[in-house]
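Colleague: For the sequence shown, position 159 matches number 159 in full-length UniProt numbering, and the numbering has no gaps at all.
Below you'll find the structure I mean.
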Amino acid sequence: MINTQEILRVENLHVSTNNKEIIKNLNISINRGEIHAIMGKNGSGKSTLAKVIAGHPSYEITKGKIFFESENITYQEPESRAHKGIFLAFQYPIEIAGVSNIDFLRLAYNCRQKKLNKQEVDPLSFFKLINKKLQTIDMNSSFLNRHVNEGFSGGEKKKNEVLQMSLLNSQLSILDEIDSGLDVDALKNIANNIKRFASDRNAILIITHYQKLIDYIKPNYVHIMDKGKIVISGNETIASDIDQHGYECLPTNQ
Ligand code: ADP
Ligand code: MG
């Protein structure tokens, strides 16, 4: 039976790159209205999972399936996944020389509007819309005229990703280490923006190293990844166990 609440389902996923298997038998299901967090040591495959869900071409899916809103997207192009409503905020956001941030954001926004059969917006209306969003995220409007992420600090790049998330309003937003490089105030601000953005119509997958973001956001589920698979799933108390005792303290279900 089709579960209409389910936004993402990953089944028995195996992923390789350069003949190295990075993800091994990974399963996860995310419903509408839910926030999930994935934690895990460096190198456990978290960013690879995020990129594979978004359709990154460097990785080969050797086994398993990925469903988005009940559609098998395992071998679809990244553009088509983005159009359908999958957004990925990169751990290391890319800089795009020569392209102003506002032009980039408006292009992305209008592509999404078109896909949703909604009207595209002209530059002036977009300027008003984006300025409102900038205020909530506590970002200076001077960032609009700079080239995408060029010369942005680590924290500013992360804010720019959150701005894109909120603008594109995708059904599934995957945020890879959105909290890295942020000071406490910026972290709280970003956490508040993520919480405000979360609704019963979308789902959010947060990838993080730190408990702080989990404390602020209180995801519905926390998963621990190790050596390419999810070894434990539970609620947010897992995160505080790790914070106190490290990953080694956790019993695994493997
Ligand atoms: P995490 O985000 O959990 O720190 P990653 O997904 O970035 O982990 O990486 C998982 C493992 O896969 C690491 O050992 C990493 O070196 C390897 N890996 C990731 N991407 C590539 C790639 N393009 N080529 C070779 N190895 C890769
Ligand atoms: Mg990573």
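Idealized CB from N, CA, C, for every residue including glycine.
Every value quoted in this text rests on a predicted model; they were computed, and no experiment measured them.
Listed by chain order, which residues have C-beta atoms less than 6 Å from any heavy atom of the ligand ADP?
Modeller: Here the residues come out as 17, 18, 20, 22, 40, 42, 43, 44, 45, 46, 47, 48, 58.
Colleague: Around the Cβ of residue 53, are there at least 16 other Cβ atoms within 10 angstroms (buried) or fewer (exposed)?
Modeller: buried
Colleague: Closer than 6 Å: is that where the CB of residue 5 sits relative to any heavy atom of the ligand MG?
Modeller: Not under cutoff, so the answer is no.
Colleague: Once DSSP output is grouped into helix, strand and coil, what is the label at residue 169?
Modeller: coil
Colleague: Under a three-way DSSP split, which group does residue 62 fall into?
Modeller: strand
Colleague: Could you tell me the alpha carbon to alpha carbon distance between residue 154 and residue 121, rounded to whole angstroms?
Modeller: 30 Å
Colleague: Can you look up residue 257 in the DSSP assignment and give me helix, strand or coil?
Modeller: Shown here, the chain extends from 1 to 254; a query on residue 257 therefore has no answer.
Colleague: With DSSP run on the structure shown, which of helix, strand or coil describes residue 254?
Modeller: Because residue 254 carries a pLDDT of 49, less than 50, the predicted location of this residue cannot be relied on, and the following value inherits that uncertainty. Reduced to three states, the DSSP call for residue 254 is coil.
Colleague: Between residue 95 and chain C, is the shortest Cβ-Cβ distance under 7 Å, so that the two count as touching?
Modeller: This model lacks chain C altogether; it includes just one protein chain.
Colleague: Give the range of the beta strand (DSSP E) segment to which residue 87 is assigned.
Modeller: 86–89
Colleague: Got a sec? Which residues, its chain only, sit under 6 Å from residue 138 by beta carbon, not counting five neighbours each side?
Modeller: 189
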